[in-house]
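Undergrad: Below is a structure I'd like to ask you about.
Take a look at the structure:
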């Protein structure tokens, strides 16, 4: 078994075609086929079902290729390891971050981080939790900022801070801050699209059946800012993470109410063999230095598990 063969198998998994995979790898189609067959013979398992169109990965193949991906990614990371030996922090740092966090967190620390490390180029990408995890695992991203903890092979996480959950409601609901989970008007509750990690956490402490009941007006959104605007214009309520509330106007601040002690943990994820550990540590330090200090502790909070489990 060679690193090259593992790379070829991962390319075939991605493109599901010997023709396309061989073109991407700049080798002939017969050469790719021979190397995949040699790998399968050595492993004594079938990785790909060639009878399917497009080619499909067998169940055994899926499990094997998850681990093969970690090996190939780790080998690639060795090429960048020399940067960790330098005295300065320089070069590109690619960070995946979930949309419910990005616009409220990045402006708080990014300028500070680049002032301290002027040779560091920050490259942020907003994407869903699953895409951040896959990007980190495949080496397409250097690190990720998501709601943690996670239970994913090849990924390690470290908590950074904790965000409490708040109701944001129009004036008729917010009077006296008397909103509670027990008296939510689900017909007037605006939430993010299903599949969003923040939405999934909310489902853990709200009645999912009530949330999903048919409504006369449906607005499918991936933006917390859009939900705030909907509440301002159409009334009703939504649920916000704590950093969001820092950007509200004075008038809007009157419309928020805490949801008990419920909170989410925000952490950083990396591959087990992180080739940019110094970059990661500098990122963590910059975040901790530029968010409200009260958010660094989970003492007294009820942290909602995002229940992120992937193979």
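Residue numbers (the working numbering): 2 to 312.
Glycine included, C-beta positions come from ideal geometry on N, C-alpha and C.
Less than 8 Å separating the beta-carbons of residue 269 and residue 144?
TA: Here residue 269 refers to the residue found at position 268 of the chain shown. Here residue 144 refers to the residue found at position 143 of the chain shown. In contact: residue 269 and residue 144 (Cβ atoms closer than 8 Å).
Undergrad: In terms of alpha-carbon separation, which member of 148, 232, 73, 20 lies closest to residue 7?
TA: In the chain shown, counting from the first residue as 1, residue 7 sits at position 6. For residue 7, the nearest C-alpha among the options comes from 73.
Undergrad: Measure the CB-CB distance between residue 266 and residue 299 and report whether it falls below 8 Å.
TA: Counting from 1 along the chain shown, the entry for residue 266 is found at position 265. Counting from 1 along the chain shown, the entry for residue 299 is found at position 298. Cβ atoms of residue 266 and residue 299: closer than 8 Å.
Undergrad: Quick check on residue 22: buried or exposed, where buried means 16 or more other Cβ atoms within 10 Å of its Cβ?
TA: Taking the chain shown and counting its residues from 1, the one referred to as residue 22 is at position 21. So residue 22 ends up on the buried side.
Undergrad: Is residue 161 near residue 309, with beta carbons less than 8 Å apart?
TA: The count along the chain shown starts at 1 and reaches residue 161 at position 160. The count along the chain shown starts at 1 and reaches residue 309 at position 308. Not closer than 8 Å, so no.
Undergrad: What did DSSP end up calling residue 299 once you bin it into helix, strand or coil?
TA: For the purposes of this step, residue 299 is taken as the residue at position 298 of the chain shown. DSSP places residue 299 in coil when its eight states are reduced to three.
Undergrad: To which residues does DSSP link residue 93 through a beta bridge?
TA: As a first step, residue 93 must be located in the chain shown, where it is residue number 92. 122.
Undergrad: Put residue 8 into one of helix, strand or coil per three-state DSSP.
TA: In the chain shown, the residue the question calls residue 8 occupies position 7. Residue 8: helix per DSSP, three-state reduction.
Undergrad: I need the straight-line Cα distance from residue 238 to residue 192, nearest angstrom please.
TA: Position 237 of the chain shown, counted from the start, is the residue given in the question as residue 238. Position 191 of the chain shown, counted from the start, is the residue given in the question as residue 192. Computed Cα separation, rounded: 9 Å.
Undergrad: Classify residue 130 as buried or exposed, calling it buried when 16 or more other Cβ atoms lie within 10 Å of its own Cβ.
TA: Here residue 130 refers to the residue found at position 129 of the chain shown. So residue 130 ends up on the buried side.
Undergrad: Measure the CB-CB distance between residue 58 and residue 48 and report whether it falls below 8 Å.
TA: Taking the first residue of the chain shown as 1, we reach residue 58 at position 57. Taking the first residue of the chain shown as 1, we reach residue 48 at position 47. In contact: residue 58 and residue 48 (Cβ atoms closer than 8 Å).
Undergrad: If you run the structure through DSSP and keep just helix, strand and coil, what is residue 292?
TA: By one-based count along the chain shown, residue 292 stands at place 291. Looking at residue 292 - three-state DSSP - the assignment turns out to be coil, as it is neither helix nor strand.
Undergrad: Just to confirm, are residue 65 and residue 96 a CB contact at a threshold of 8 Å?
TA: Within the chain shown, numbered from 1, the residue matching residue 65 stands at position 64. Within the chain shown, numbered from 1, the residue matching residue 96 stands at position 95. For residue 65 and residue 96, no; Cβs fall outside 8 Å.
Undergrad: Alpha carbon to alpha carbon, what distance is there between residue 12 and residue 27?
TA: If you number the chain shown from 1, residue 27 lands on position 26. If you number the chain shown from 1, residue 12 lands on position 11. When rounded, the distance between both Cα atoms is 11 Å.
Undergrad: Opposite residue 110 in the DSSP bridges: which residues?
TA: Against the chain shown, residue 110 aligns to sequence position 109. The partner list for residue 110 (beta bridge, DSSP) is empty, contrary to what the question assumes.
Undergrad: Which residue from 134, 93, 146 puts its Cα closest to that of residue 106?
TA: As a first step, residue 106 must be located in the chain shown, where it is residue number 105. Among 134, 93, 146, the Cα nearest to that of residue 106 belongs to 146.
Undergrad: For my contact list, residue 75 and residue 274 are in at a C-beta cut-off of 8 Å; report their separation, rounded to the angstrom.
TA: Here residue 75 corresponds to residue number 74 of the chain shown, with the count starting at 1. Here residue 274 corresponds to residue number 273 of the chain shown, with the count starting at 1. The Cβ separation is near 4 Å, so the contact holds.
Undergrad: List the endpoints of the continuous alpha helix (DSSP H) containing residue 130.
TA: Position 129 of the chain shown holds residue 130. Segment 130–139, the alpha helix (DSSP H) holding residue 130.
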